[in-house]
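Quick note: the sequence shown, position 65, residue 65 per the UniProt record's numbering, numbers continuous. Beta carbons are placed, not taken as given, at the ideal position from N, Cα and C, and that holds for glycine. None of the values given here were measured: they were computed from a predicted structure. Below: the structure, in structure tokens.
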Amino acid sequence: MTRSCSAVGCSTRDTVLSRERGLSFHQFPTDTIQRSKWIRAVNRVDPRSKKIWIPGPGAILCSKHFQESDFESYGVRRKLKKGAVPSLFLCKVLTSGCKHNRFT
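Here it is in structure tokens:
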């Protein structure tokens, strides 16, 4: 099954074509503090409970949601720097008429 980016409004899927286009995909950290920072940054609400969304074990974010400075390059591979937090999102919360926003 193809995984999709968990950011609100992002339809990027983890496919061979996406990776050929230079996108990378990153699982939510296991470190509790870092994971909490990512969850707050994503700012997603669970539609059923209306509470903050908690990512499942396979939840990912695509590289579109990170600053270029959040990455380290190792030849053709890119890796997130330790402590990197996603900061680029289409909108803070799911609303109609979202505009491109940059959050830091």
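Which of the three DSSP states, helix, strand or coil, is assigned to residue i?
{"i": "K79", "result": "strand"}
{"i": "Q67", "result": "coil"}
{"i": "S11", "result": "coil"}
Just tell me which of the options has its CA closest to the CA of residue i.
{"i": "G58", "options": "R78, H26 and G83", "result": "H26"}
{"i": "I39", "options": "L17, V16 and V8", "result": "V8"}
{"i": "S69", "options": "R3, D14, K82 and P55", "result": "K82"}
Can you tell me the Cβ-Cβ gap for residue i and residue j, rounded? I've got them flagged as a contact below 8 Å.
{"i": "S87", "j": "L23", "result": "S87 to L23, Cβ: 17 Å. No contact."}
{"i": "S4", "j": "R13", "result": "5 Å"}
{"i": "V45", "j": "I54", "result": "About 11 Å; that fails the 8 Å criterion."}
Mind checking which residues open and close the beta strand (DSSP E) that includes residue i?
{"i": "L61", "result": "I60 to C62"}
Return the first residue and the last residue of the alpha helix (DSSP H) that residue i is part of.
{"i": "S18", "result": "V16 to E20"}
Between the alpha carbons of residue i and residue j, how many angstroms are there, rounded?
{"i": "P29", "j": "L61", "result": "11 Å"}
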